[in-house]
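Novice: For reference, the structure I am asking about is given below.
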Amino acid sequence: MIRGAEEVRVRFAPSPTGHLHIGGARTAFYNWLYARHHKGTFILRIEDTDRTRSTEEYINAIIEGMKWLGLDWDEGPYRQTDRFDVYKSYADKLLAEGKAYFCYCSPEELEQRRQEALAQGKTLKYDGRCRNRDKGQGKNAAVRFKMPQEGETVVHDLIRGRIVFENAQLDDLIIIRSDGTPTYNFTVVADDVDMNITHVIRGDDHLNNTPKQIHIYAALGYEIPLFAHLPMILGADKARLSKRHGATSVTAYKEMGYLPDALVNYLVRLGWSHGDQEVFTRDELIQYFSFENIGKSAAVFNPEKFLWLNSHYIMNSASEKLAELVIPFLITQGIIGKSQSLNKEWLSKAITPLKERSKTLTELANSLRYYIADDVEYNEKAKAKFLNEGSRDILFELKDKLMVVRDFSAEEIEKVFRAIIEKHNVKLGNLAQPVRVAITGSTESPGIFEVLEIMGKEKTLKRLEKAINTIGVS
RNA sequence: GGUCCCAUCGUCUAGAGGCCCAGGACGUAGCCCUCUCAAGGCUAAGACACGGGUUCGAAUCCCGUUGGGACCGCCA
């Protein structure tokens, strides 16, 4: 059978030594998209063989991150620490077939030789001194894989094409440590073989490992999977994206008020394109996704464009949905109490004019503050400019007229405003701005009639009165 | 140092030899709309890293230079 002709089986294989990184999230998403596009299987595999750095907490964080992004998997999560017997049997097989050998060099010796090689400007490569020694018992010995030393290995990459490596460059890498635990380059291959993986989609930091892994697949008698090495995500300084570039974990963006769909959309466009289209639904992504449209060069993560996309998604989300999503942010910002509940219908109505003014859920929560709080807090500059002698009388008149309005709707409120400005022959701004400050505390808000309606008659009158008193005192 | 990868506006990208004196998006600036702030609309500035080929013709193909990145662990 030709590789690629059978059912697609792909995997995302993070190591739980940190939160789900946005680079990892993108890799996961491309795998997921490829599987969904081809109606294949997407497998989640936790590569936790480094027991000193892997934690349960990070495993959970990664799983939570995947769920939040809506990346559902069909098999797993498998854990490599549960599969040591698999690796051992594969290693024993290689040993028995003479494709691997015991190495008795100590880590200290190896390190010393590495330093010497480095000092002499030589290639850093195991010298193969245990290759032909007597097998021995393998006590306290590591197991090395016997790489071919001549010829070349060709990687056929779905994104980069044909890449040729000289076998003389390949290192006899350790597949089992002297303590009996397997190493990464071996577990990946063993698992891919065992799980019948057809396509390996991963970051291009693994490109140089690929020729070595190809020989291990072959030694295990497995058909070589197809590879797709994704370009890296860089920070603004063009260095690989890391903590020092600011937030890099999926969780961090969740907490800052970003929407999962926005993150996914932003990440997928970083390195992939479909003509000029910028915004995609998930179904469109599944339909359009293909390796042909993945770029080869690394991409710089651009927070501004991501912010824009997020605001776009917020603007286009249903208010009812945002009303649900914003609650945790209202709580963390102390705008409502932990057990306090709000009228969902009212909240949605308040959100509608706010969503095109909020780039994140955090901002949305914050702009809801003046509606929910008992009292207004004036912005000092706004207060000085609009709440003064010049506006007292007109505010008083407005309050007076508003008091008798039965149907406190934007429409009716506007009629009152229009009547007043017409009478005094002033522009709407002359009335609207003082009112805005009186009601919201600042000079920026949605349309004033709408704000008053959402605020409600009682609060509106109370705040107008407070403003008038404030002027009176000053 | 060795090996490998990459190279279009500040950033993400379109571009598969003529459709490109290079298109879209973010950001920036200006204008319009307007009760403020947004949103929206319009406009502007802004790129094929460099040098050689190949070709009637190159952003697109080839070679080199330069620049960036990744990997070279008993980490993953």
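In my numbering, the protein residues as written are 440 to 913. Every residue, glycine too, gets a C-beta built ideally from N, C-alpha and C. Nothing here was measured: the structure is a model prediction, and the numbers come from that model.
From Gly674 to Ile461, what distance separates their C-alpha atoms?
Specialist: If you number the first sequence from 1, residue 674 lands on position 235. If you number the first sequence from 1, residue 461 lands on position 22. In a straight line, the C-alpha of Gly674 is about 12 Å away from that of Ile461.
Novice: Taking all protein chains shown into account, decide if Glu892 is buried (16 or more other Cβ within 10 angstroms of its Cβ) or exposed.
Specialist: What you label residue 892 is simply residue 453 of the first sequence in a count that begins at 1. Glu892 should be labelled buried.
Novice: For Ser681 and Phe825, what's the separation of their Cα atoms in angstroms?
Specialist: Counted from its first residue, the first sequence places residue 681 at position 242. Counted from its first residue, the first sequence places residue 825 at position 386. C-alpha separation (whole angstroms): 47 Å.
Novice: Note down, one range per segment and in chain order, each beta strand (DSSP E) of at least 3 residues found wholly within the region 620 to 666.
Specialist: If we require 3 residues or more, the beta strand (DSSP E) runs fully inside the region 620 to 666 come out as 638 to 642.
Novice: Glu897 to Trp747, Cα distance in whole Å?
Specialist: Translated into positions along the first sequence, residue 897 becomes position 458. Translated into positions along the first sequence, residue 747 becomes position 308. Rounded to whole angstroms, Glu897 to Trp747 spans 37 Å at the Cα level.
Novice: At which residues does the alpha helix (DSSP H) containing Glu514 begin and terminate?
Specialist: As a first step, residue 514 must be located in the first sequence, where it is residue number 75. Per DSSP, Glu514 belongs to no alpha helix (DSSP H); it is in the beta strand (DSSP E), 514 to 518.
Novice: Taking the alpha helix (DSSP H) that Asp722 belongs to, which residues open and close that run?
Specialist: Looking up residue 722 in the first sequence gives position 283. It spans 721 to 727 - the alpha helix (DSSP H) in which Asp722 sits, taken as one unbroken run.
Novice: For the region 445 to 452 and the region 475 to 482, state whether three or more C-beta atom pairs, one from each stretch, are separated by less than 8 Å.
Specialist: yes
Novice: Cβ atoms of Asn648 and Asn624: under 9 Å apart, would you say?
Specialist: Here residue 624 refers to the residue found at position 185 of the first sequence. Here residue 648 refers to the residue found at position 209 of the first sequence. Going by C-beta atoms, Asn624 is nearer than 9 Å to Asn648.
Novice: Do you know offhand how far Arg875's Cα is from Asn869's?
Specialist: By 1-based counting over the first sequence, the position of residue 875 is 436. By 1-based counting over the first sequence, the position of residue 869 is 430. Those two C-alpha atoms are separated by around 11 Å.
Novice: For Leu472 and Gln608, I'd like the C-alpha separation in whole angstroms.
Specialist: On the first sequence, residue 472 is found 33 positions in, with the first residue counted as 1. On the first sequence, residue 608 is found 169 positions in, with the first residue counted as 1. The straight-line gap from Cα to Cα measures roughly 35 Å.
Novice: To the nearest angstrom, report how far apart Lys759 and Ala738 are at their CA atoms.
Specialist: If you number the first sequence from 1, residue 759 lands on position 320. If you number the first sequence from 1, residue 738 lands on position 299. The identity of residue 759 in the sequence shown is Glu, whereas the question assumes Lys. C-alpha separation (whole angstroms): 35 Å.
Novice: Counting beta carbon pairs with one atom in the region 540 to 556 and one in the region 618 to 635, are three or more of them shorter than 8 Å?
Specialist: no
Novice: Are Thr592 and Gly696 closer than 9 Å when you measure CB to CB?
Specialist: Position 153 of the first sequence, counted from the first residue, corresponds to residue 592. Position 257 of the first sequence, counted from the first residue, corresponds to residue 696. In this structure, Gly696 does not lie closer than 9 Å to Thr592 by Cβ.
Novice: Taking all protein chains shown into account, do 16 or more other C-beta atoms lie within 10 angstroms of the C-beta of His595, making it buried, or fewer, making it exposed?
Specialist: To locate residue 595, count along the first sequence from 1; it is residue 156. The residue is exposed, with fewer than 16 neighbouring Cβ atoms inside 10 Å.
Novice: Would you mind giving the Cβ-Cβ distance between Val689 and Leu709, rounded to the nearest angstrom? I have them listed as a contact below 8 Å.
Specialist: Against the first sequence, residue 689 aligns to sequence position 250. Against the first sequence, residue 709 aligns to sequence position 270. Going by Cβ atoms, the distance from Val689 to Leu709 rounds to 14 Å, so no, they are not a contact pair.
Novice: Among the candidates Tyr752, Thr791, Leu803, whose CA atom is the shortest distance from the CA of Gln772?
Specialist: On the first sequence, residue 772 is found 333 positions in, with the first residue counted as 1. It is Leu803.
Novice: Tell me where the beta strand (DSSP E) around Phe541 begins and ends.
Specialist: Here residue 541 refers to the residue found at position 102 when the first sequence is read from its first residue. Its beta strand (DSSP E) spans residues 539 to 542.
Novice: How would you write the range of the beta strand (DSSP E) that Val582 sits in, first residue to last?
Specialist: Locating residue 582 in the first sequence gives position 143, where the first residue counts as 1. Here the beta strand (DSSP E) through Val582 covers 581 to 584.
Novice: So the beta strand (DSSP E) Asp596 belongs to, where does it begin and stop?
Specialist: Against the first sequence, residue 596 aligns to sequence position 157. From DSSP, the beta strand (DSSP E) with Asp596 extends over 591 to 596.
Novice: Whole-angstrom Cβ separation of Leu659 and Ile640, contact assumed at under 8 Å?
Specialist: Indexing the first sequence from 1 puts residue 659 at position 220. Indexing the first sequence from 1 puts residue 640 at position 201. By a beta-carbon distance limit of 8 Å, Leu659 does not contact Ile640. Their separation comes to about 20 Å.
Novice: What are the residues that DSSP puts in a beta bridge with Phe468?
Specialist: If you number the first sequence from 1, residue 468 lands on position 29. Phe468 pairs with nothing; no bridge assigned.
Novice: Excluding the five sequence neighbours on either side, which residues of its own chain have a C-beta within less than 8 Å of the C-beta of Pro699, listed in chain order?
Specialist: The residue labelled residue 699 in the question sits at position 260 within the first sequence. Only Trp507, Leu508, Gly509, Lys693 meet the Cβ criterion.
Novice: For Gln519, collect the residues of the same chain with a Cβ closer than 6 Å to its Cβ; drop the 5 residues on either side in sequence, then sort them by chain order.
Specialist: Taking the first sequence and counting its residues from 1, one reaches residue 519 at position 80. So the list reads Glu486, Asp487, Thr488, Thr626, once near-sequence residues are dropped.
Novice: Given 8 Å as the limit, is there contact between the region 719 to 734 and the region 774 to 784, that is, 3 or more CB pairs closer than that?
Specialist: no
Novice: Below 8 Å on the Cβ atoms is my guess for His458 versus Gly515; work out the distance and round it to an integer in Å.
Specialist: Along the first sequence, read from residue 1 onward, the residue named residue 458 stands at position 19. Along the first sequence, read from residue 1 onward, the residue named residue 515 stands at position 76. In fact, because the Cβ distance is near 19 Å, the residues do not count as touching under 8 Å.
Novice: Where does Gly911 land, buried or exposed, given buried means 16+ other C-beta within 10 angstroms?
Specialist: As a first step, residue 911 is located in the first sequence; it is residue number 472 there, counting from the start. Burial call: exposed.
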